[in-house]
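Heads up: the sequence lines are chains E and R, in that order.
Here the first sequence is numbered in our numbering, starting from 1 and rising by one per residue.
Here the second sequence is numbered in our numbering, starting from 110 and rising by one per residue.
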Amino acid sequence: DAKTTQPNSMESNEEEPVHLPCNHSTISGTDYIHWYRQLPSQGPEYVIHGLTSNVNNRMASLAIAEDRKSSTLILHRATLRDAAVYYCILRDEGQNFVFGPGTRLSVLP
Amino acid sequence: GAGVSQTPSNKVTEKGKYVELRCDPISGHTALYWYRQSLGQGPEFLIYFQGTGAADDSGLPNDRFFAVRPEGSVSTLKIQRTERGDSAVYLCASSLGPGQPQHFGDGTRLSIL
């Protein structure tokens with residue numbers, strides 16, 4: 001079973017910021033939060049990951065709640081190429097990724 | 110540089126047949142993973158190799174599924190006596206090591222008629 005909960009779908013307008021939420025209330029103290037995205041007909045692509053502090057890279061920012069029970073992936077200016085399924089992922093006891101169904105992001109021109 | 114390569118990109122076969130799916134990881138990546146993805150779902154973990162050995166095969170659904178990585182590079186996922194329920198996209202990923210970001214191929218779409 002997925003250890004994270006995400007909305008099934010979201011919409012954004014092009015060039016506007018997007019905030020993709022994720023709940024992970026059962027997260028353990030050593031679990032990293034990983035985000036991947038999957039464009040149509042492609043394999044998933046790494047976006048960002050973090051443990052406690054907020055993280056930034058060239059693709060996105062990751063804001064992690066102080067209690068670590070939720071996080072938000074932030075795309076600062078959505079483009080049409082950002083339309084994808086976004087997965088928020090934790091590892092299971094065997095340290096393997098457990099993907100849920102993710103959030104399907106649509107970007108409107 | 111070259112990413113993870115999976116062949117074939119599509120495979121159609123009849124129920125009961127044997128299939129092999131190949132994965133060429135990124136050079137130097139010691140960790141290799143296989144996943145299965147059904148329509149509308151996220152990828153489901155199947156097996157993880159560290160080097161030549163299967164470090165975790167707990168995701169393989171039954172004994173019809175088997176995977177090898179004999180030289181610590183290319184891996185082959187083998188499915189015997191295929192069933193219609195095996196139809197899915199099979200994804201391979203590699204990483205520099207356990208815990209590092211995974212790089213995925215575009216998958217093999219397997220269709221069992």
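For every residue, glycine included, the Cβ atom is placed at its ideal position computed from N, Cα and C.
The criterion of a C-beta distance shorter than 8 Å is not satisfied by residue 184 of chain R and residue 222 of chain R. Per the C-alpha coordinates, the member of R/151, R/126, R/210 and R/114 positioned closest to residue 87 of chain E is R/151. Contact note: residue 154 of chain R reaches chain E through 96 and 97, using a C-beta cutoff of 7 Å and chain order. Put simply, the backbone Cα of residue 21 of chain E is about 9 Å away from that of residue 74 of chain E.
Using a CB distance cut-off of 8 Å, residue 165 of chain R counts as an interface residue toward chain E. Listed in chain order, the non-local C-beta contacts of residue 60 of chain E below 8 Å within the same chain comprise 35, 47, 48, 73, 74, 75 and 76, local neighbours out to five positions each way being set aside.
With contacts defined as CB atoms closer than 8 Å, residue 92 of chain E and residue 98 of chain E qualify as a contacting pair.
Taking C-beta separations shorter than 6 Å and ignoring five residues to either side along the sequence, the partners of residue 211 of chain R in its chain run 202 and 204, following chain order.
The contact set of residue 21 of chain E on chain R, defined by CB atoms closer than 7 Å, is empty, because the minimum CB distance reaches about 17 Å. Chain R places a beta carbon closer than 8 Å to that of residue 87 of chain E, counting this residue as a contact.
In the structure shown, the three-state DSSP call for residue 205 of chain R is coil. Spatial neighbours of residue 176 of chain R in its own chain (CB-CB distance under 8 Å, excluding positions within 5 residues in sequence) are listed in chain order as 143, 155, 156, 158, 163, 166, 169, 184, 185, 186 and 187.
Look at residue 166 of chain R here: in three-state DSSP terms it is coil, with no helix or strand label. Taking 8 Å as the cut-off, the Cβ atoms of residue 122 of chain R and residue 191 of chain R count as close.
The beta carbon of residue 50 of chain E sits no closer than 8 Å to any beta carbon of chain R. Residues 135, 212 and 214 of the same chain have their beta carbon placed closer than 8 Å to that of residue 112 of chain R, with the five preceding and five following residues left out of the count. The three-state secondary structure of residue 58 of chain E, taken from DSSP, is coil. Within the DSSP secondary-structure output, residue 41 of chain E pairs in no beta bridge. The bridge partners DSSP lists for residue 144 of chain R are R/154 and R/200. Residue 188 of chain R: member of the beta strand (DSSP E) spanning 184 to 188, first to last residue.
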